[in-house]
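Numbering of the sequence shown is given in this note's numbering, commencing with residue 1 and proceeding in unit increments.
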Amino acid sequence: MSADPIGISSATASLRRDRAAEAPLVPASSIAGRTLIIVVAIMTFLASLAAGGAMLVAQASQEWRSTVSREATIQLKPATNRDMEADLGKIVEAARGTPGVAEVRAMTKRESELLLEPWLGQGVNLDEVPVPRMVVLKLASGVRVDFEQLRRRIAEISPNANFDDHRMWSERLADMANALVAIAVVLLVLIVTAMGLAISFATHGAMAGNREIIEVLHFVGASDQFISKQFQRRFLWLGLRGGLIGAGMASLVFLGAGLLSRRLAATPSGEQLEALFGSFSIGWPGYSAIALIAVLSAALSGQTSRIIVFRRLRRLT
Numbered sequence: 001m002s003a004d005p006i007g008i009s010s011a012t013a014s015l016r017r018d019r020a021a022e023a024p025l026v027p028a029s030s031i032a033g034r035t036l037i038i039v040v041a042i043m044t045f046l047a048s049l050a051a052g053g054a055m056l057v058a059q060a061s062q063e064w065r066s067t068v069s070r071e072a073t074i075q076l077k078p079a080t081n082r083d084m085e086a087d088l089g090k091i092v093e094a095a096r097g098t099p100g101v102a103e104v105r106a107m108t109k110r111e112s113e114l115l116l117e118p119w120l121g122q123g124v125n126l127d128e129v130p131v132p133r134m135v136v137l138k139l140a141s142g143v144r145v146d147f148e149q150l151r152r153r154i155a156e157i158s159p160n161a162n163f164d165d166h167r168m169w170s171e172r173l174a175d176m177a178n179a180l181v182a183i184a185v186v187l188l189v190l191i192v193t194a195m196g197l198a199i200s201f202a203t204h205g206a207m208a209g210n211r212e213i214i215e216v217l218h219f220v221g222a223s224d225q226f227i228s229k230q231f232q233r234r235f236l237w238l239g240l241r242g243g244l245i246g247a248g249m250a251s252l253v254f255l256g257a258g259l260l261s262r263r264l265a266a267t268p269s270g271e272q273l274e275a276l277f278g279s280f281s282i283g284w285p286g287y288s289a290i291a292l293i294a295v296l297s298a299a300l301s302g303q304t305s306r307i308i309v310f311r312r313l314r315r316l317t
C-alpha cells in the first residue's frame, strides 16, 4: 500500500499551525524573557530591602522614643562651696515626691565614673576630677509629669543641677527616622521607575522580534485586545517569576540577619546592635509587605506591556 505524501504533508502542516497557534508570542525561554526575569528579580530584591529597612528603622525609632520618653535624668555638677551628697539627697526626695515619677535612683560615684570611660579611656585616675552625679527617673506610663515644676524645685535646691526630660532627643530621633523612611520611599519610587523602563524596553524588543506575526494577526482581524492580552499574560508570568525570586532572596536576607542578631545577642557588640536597630526581625507585616511587592512587580510587568502593545497596535490601525 503506497503512502499518501499529500495527506502526510497536510497533516504535518496542520500540526505545525496548531503548535504555532499554541506557542506564545513572547517565549519565556528566550534570552529577552530570561533577562526580564533577572531584572525584575533584582528590582524586587532591592525594593524589598528598602521596604524592610524602612520598617526596621520605624520600629527601632518607636522603641527608642518609647524608652526615652519614659525616662528623665538630673545632672548634679560638683561645686566647692556646696555639699554634693546633701544636695543629691534633697534632689532624690524632691523627685520621689513628684506625681508621675515611678522610680528614682541616684547613680554612685563609681557608676558616674564609668560613664566617662568611653571618652577618657580606662586607667585614668578620676579622684581629682570633679565628676558630676546622675539621678535617673523612671516615669509612670499614662501619667503626665509636671516637668516645669520639678525643674523649678531642683533649681531651688542647687543651682548646679540640670534637669533633662529627653524631649530634644526624642524629637531628633523622630526626625532621623522620618528622614530615613522618606529616603526609603524615594528609593522605592526610583526602583519602580527603573523596573517600568526595563519592562518597556523588553516589550518593545519582543514586539520587534515578532513584528511580522503581530502585523499578520492584526490585519487578518485579530482584535487589539487579544494581541495585547497575549503580551500581558506572558509578561505577567515573567514578572511573577522574577518577583518571587527577588522576594525570596530578600526574605532570606532578613531571616539570616535575624538569626545572626539572636546569636550575637549575648555579646557586647550584639547588645549594642540590638539597642540601635532592634532584633532585625520584620515580623509577619514585613514579610507580607515583601510578598505584596512581588505581586505588584508581576502586575506592573503585565499591565505595562499591555499598555505599550495596545498603543502600538492603535498606531498600526
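Don't be surprised by glycine CBs; every beta carbon is placed ideally from N, CA and C. Predicted model only: the values in this text are computed from it and were never measured.
L139: not part of any alpha helix (DSSP H); member of the beta strand (DSSP E) spanning 133-139, first to last residue.
Shortest Cα-Cα distance from S297 to any of P130, R241, G209 involves R241. For R153, the enclosing alpha helix (DSSP H) begins and ends at 147-157. Segment contact: the stretch 288-305 against the stretch 197-211, three or more CB-CB distances shorter than 8 angstroms; contact assigned. Taking all protein chains in view, the Cβ of A250 is crowded by 16 or more other Cβ atoms within 10 Å, so the residue is classified as buried.
For I282, the three-state secondary structure derived from DSSP is coil. In the three-state scheme derived from DSSP, where H, G and I count as helix and E and B as strand, V104 is classed as strand. The continuous alpha helix (DSSP H) containing A179 extends over residues 167-209. The beta carbons of A54 and A184 sit closer together than 8 angstroms. Short of 7 angstroms from the beta carbon of L244, and not among the five residues preceding or following it, lie these beta carbons of its own chain, in chain order: A294. For L76, the secondary structure class from DSSP, reduced to helix, strand or coil, is strand. Here the alpha carbons of G246 and A51 stand approximately 13 angstroms from one another. A residue is called buried once 16 or more other Cβ atoms fall within 10 Å of its Cβ, and Q225, having fewer, is exposed. Per DSSP, reduced to three states, the secondary structure at D83 is coil, with no helix or strand assignment.
For A257, the enclosing alpha helix (DSSP H) begins and ends at 224-263. The continuous stretches of beta strand (DSSP E) do not include N160, and DSSP gives it neither H nor E.
Within the same chain, Cβ atoms closer than 6 angstroms to the Cβ of E103 are found at K138, the five residues on either side in sequence being excluded. Listed as beta-bridge partners of E71 by DSSP are K138.
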